[in-house]
Amino acid sequence: MLKRLVFTLLYDNGSFVLSRNFRLQRVGDVRWLKRNYHFGTVAESIDELVILDVTRGQRDLPRFCSAVRSVTEACFVPVAVGGGISSMSTVEQLLLAGADKVVVNSLLVDDPGEVAAIAEVIGAQSVVASIDVRRGDDRTPWVVISQAERETGRTLFEHVQAVTSMPIGELYVNSVDQDGTGMGLDLEMVAQLGDGFSQPLILAGGVGHSQHLFQGLSLPTVSAVATANLLNFVGDGLQRARTELRERGVPLAVFGL
Amino acid sequence: MTTLPKVGIVDYGMGNLWSLTSALTHVGAHVVLVDRPDDLPHFSHLVLPGVGSFRRASERLAESGLGDAIVDRVNHGGSVLLGICLGMQLMGVGSPEDGWSPGLNLVPVTTERFHDEEVERRRIPHIGFASTRFPQGNEGLFAGLRETTDFYFVHSYRMLPEGDLGATAVCDYGVSYLAGFDRGNVCATQFHPEKSQQQGLHLLRNFVDRKP
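In the order they appear, the protein sequences are chains Z and D. If you use our numbering, the first sequence closes out at 791, no skipped numbers anywhere. If you use our numbering, the second sequence closes out at 215, no skipped numbers anywhere.
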């Protein structure tokens with residue numbers, strides 16, 4: 535089975551942003567991303583794109599959808615879209631904007647019934663369960679929701695047990711502590727997830743260079759690694775990382791002719 | 004009418020057409036969504052997309068008259084047709100999904116769910132990029148592609164490479180199943196070229212550049 539390189543674009547109230555420990559820094563719109571961050575080259579080197587609306591406070595769904603459309607117009611890979619999804623009506627809008635899958639996070643805690651209702655319509659395989667983890671002082675991996683502003687009181691293991699019994703197709707596990715630091719993935723989380731689930735696992739948070747991608751993708755239970763940091767892979771950085779990973783034996787799809 | 008639009012995507016309410024429209028536009032096609040049978044004769048190239056239930060798709064094609072109109076264009080009107088994913092399966096004889104429903108019968112192949120003994124313990128649906136090969140050589144729709152090329156698949160049902168299908172593409176998932184075919188004016192892919200990076204765009208360009 536091939537593994538995947540995933541890129542995550544974060545959107546905040548009209549523009550794309552970089553995140554560090556969930557604090558956001560504005561970068562620009564899609565054209566800006568293409569011009570200054572060579573997003574076109576990045577998009578040609580990934581297996582999948584994730585676009586998340588991480589706007590704090592009131593979201594503007596039509597505006598977000600139009601940003602999603604402008605990205606998906608020139609990005610020819612599967613796209614998962616999420617951020618603040620609370621109902622099927624939001625999902626319908628996102629699908630029309632080009633989403634192949636949707637990403638749910640807080641809804642997994644707030645309304646598992648609605649998650650099931652969404653899966654009933656679009657299929658469980660198209661529902662990605664996103665989980666944000668922040669470690670306590672004793673390094674306990676606690677699950678946080680609402681962009682790390684709310685605590686759930688659940689450990690990663692407890693939450694994964696609850697979530698993987700819902701109709702979801704994939705797990706996307708992100709470390710708030712490593713997010714945007716470029717210091718490497720929290721690989722310890724992988725063991726702390728337990729092994730009582732069969733859904734593919736996407737690991738995110740902390741990728742700074744290709745060695746970090748390699749460390750994540752080398753773990754048998756990790757299907758994909760996601761990075762959201764354009765600065766670390768500027769220009770053809772991700773393309774070169776992809777070639778290097780393949781040379782080191784990571785089974786990745788071959789792109790191009 | 005002066006110049007005719009080139010590629011008509013059949014819009015029968017089975018899935019979102021934004022990605023496909025974007026990809027075909029990207030390779031230089033003039034793309035129009037068509038939902039009336041009477042409009043089909045305007046197009047030299049037709050695309051039958053689709054995700055979801057075979058049964059519902061089959062019913063919609065029948066009720067709208069689009070199914071008959073597609074068959075007529077392909078058999079007598081000189082259009083070339085590209086079926087994608089569920090669209091490919093609909094070009095066959097039929098599928099037992101939710102009870103038996105007929106396809107357009109353009110190719111003599113039946114669609115079936117992946118059998119448990121075929122896929123053993125592999126996950127269903129089959130999702131992701133997967134290696135695809137071309138037993139008759141990479142020609143026609145598949146011209147210019149690598150000997151084995153990775154394409155993006157999402158499906159629980161499959162066709163097998165049987166009967167006269169012209170040039171075929173084959174993928175292995177416990178069983179060697181049909182990933183695509185090109186029999187002149189009817190061609191199809193089980194995978195999503197519009198989600199398959201540069202190799203997918205190349206295939207779509209091969210289709211768009213084809214003379215009907």
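Don't be surprised by glycine CBs; every beta carbon is placed ideally from N, CA and C.
Local Cβ density within 10 Å of residue i, reported as buried at 16 or more and exposed below that
i              : result
residue 79(D)  : exposed
residue 200(D) : buried
residue 579(Z) : buried
residue 214(D) : exposed
residue 792(Z) : What is shown of chain Z runs 535 to 791, which leaves residue 792(Z) out entirely.
residue 633(Z) : buried
residue 704(Z) : buried
residue 776(Z) : buried
residue 17(D)  : buried
residue 4(D)   : Below a pLDDT of 50, predicted positions are generally treated as unreliable, and residue 4(D), at 42, falls in that range; no measurement from the model is reported.
residue 754(Z) : exposed
residue 7(D)   : Confidence is the limiting factor: at residue 7(D) the pLDDT is only 46, short of 50, which leaves the residue's position unreliable and the question unanswerable from this model.
residue 118(D) : exposed
residue 733(Z) : buried
residue 153(D) : buried
Cβ of residue i within 8 Å of any chain D Cβ
i              : result
residue 581(Z) : yes
residue 690(Z) : no
residue 776(Z) : no
residue 779(Z) : no
residue 611(Z) : yes
residue 789(Z) : yes
residue 606(Z) : yes
residue 792(Z) : Residue numbering for chain Z in the displayed model covers 535 to 791; residue 792(Z) lies beyond these limits and cannot be assessed.
residue 773(Z) : no
residue 659(Z) : yes
residue 654(Z) : no
residue 737(Z) : no
Short CB-CB distance (under 8 Å) between residue i and chain Z
i              : result
residue 131(D) : yes
residue 193(D) : no
residue 103(D) : no
residue 31(D)  : no
residue 26(D)  : yes
residue 90(D)  : no
residue 198(D) : yes
residue 128(D) : yes
residue 158(D) : no
residue 23(D)  : no
residue 167(D) : no
residue 149(D) : yes
residue 155(D) : yes
Proximity below 8 Å, CB of residue i to CB of residue j
i              : j              : result
residue 540(Z) : residue 736(Z) : yes
residue 595(Z) : residue 624(Z) : yes
residue 30(D)  : residue 207(D) : yes
residue 23(D)  : residue 73(D)  : no
residue 196(D) : residue 32(D)  : no
residue 553(Z) : residue 714(Z) : yes
residue 38(D)  : residue 71(D)  : no
residue 53(D)  : residue 90(D)  : yes
residue 719(Z) : residue 726(Z) : no
residue 193(D) : residue 145(D) : no
residue 639(Z) : residue 657(Z) : no
residue 181(D) : residue 161(D) : yes
residue 746(Z) : residue 740(Z) : yes
residue 652(Z) : residue 697(Z) : no
residue 609(Z) : residue 631(Z) : no
As assigned by DSSP and simplified to three states, the class of residue i
i              : result
residue 792(Z) : In the structure as shown, chain Z begins at 535 and stops at 791. Residue 792(Z) is therefore absent and cannot be evaluated.
residue 7(D)   : Because the pLDDT of residue 7(D) is 46, which lies under 50, any placement of that residue in the model is unreliable, and the question is left without a value.
residue 25(D)  : helix
residue 171(D) : strand
residue 141(D) : coil
residue 152(D) : strand
residue 115(D) : strand
residue 179(D) : strand
residue 541(Z) : strand
residue 207(D) : helix
residue 675(Z) : strand
residue 216(D) : This structure leaves residue 216(D) out entirely; chain D is present only between 4 and 215.
residue 18(D)  : coil
residue 71(D)  : helix
residue 691(Z) : helix
residue 553(Z) : strand
beta-carbon residue i near the ligand ZN non-hydrogen atom, thresh 7 Å
i              : result
residue 566(Z) : Inclusion of the ligand ZN in the displayed structure is not the case, the ligand content being empty and no account of it being possible.
Length-filtered (4 minimum) alpha helix (DSSP H) runs lying within the region 603 to 667 of chain Z
622 to 630, 641 to 644, 646 to 656
Counting only runs that start and end within the region 724 to 778 of chain Z, where is the beta strand (DSSP E) found for 3 or more residues in a row?
735 to 738, 758 to 761
Whole beta strand (DSSP E) elements within the region 26 to 57 of chain D, 3-residue minimum:
34 to 37, 48 to 51
Enumerated in chain order, which unbroken segments of the alpha helix (DSSP H) with a length of 4 residues or greater are wholly contained in the region 560 to 597 of chain Z?
564 to 571, 573 to 577
For a minimum of 3 consecutive residues, which ranges assigned as the beta strand (DSSP E) are wholly contained in the region 76 to 116 of chain D?
83 to 87
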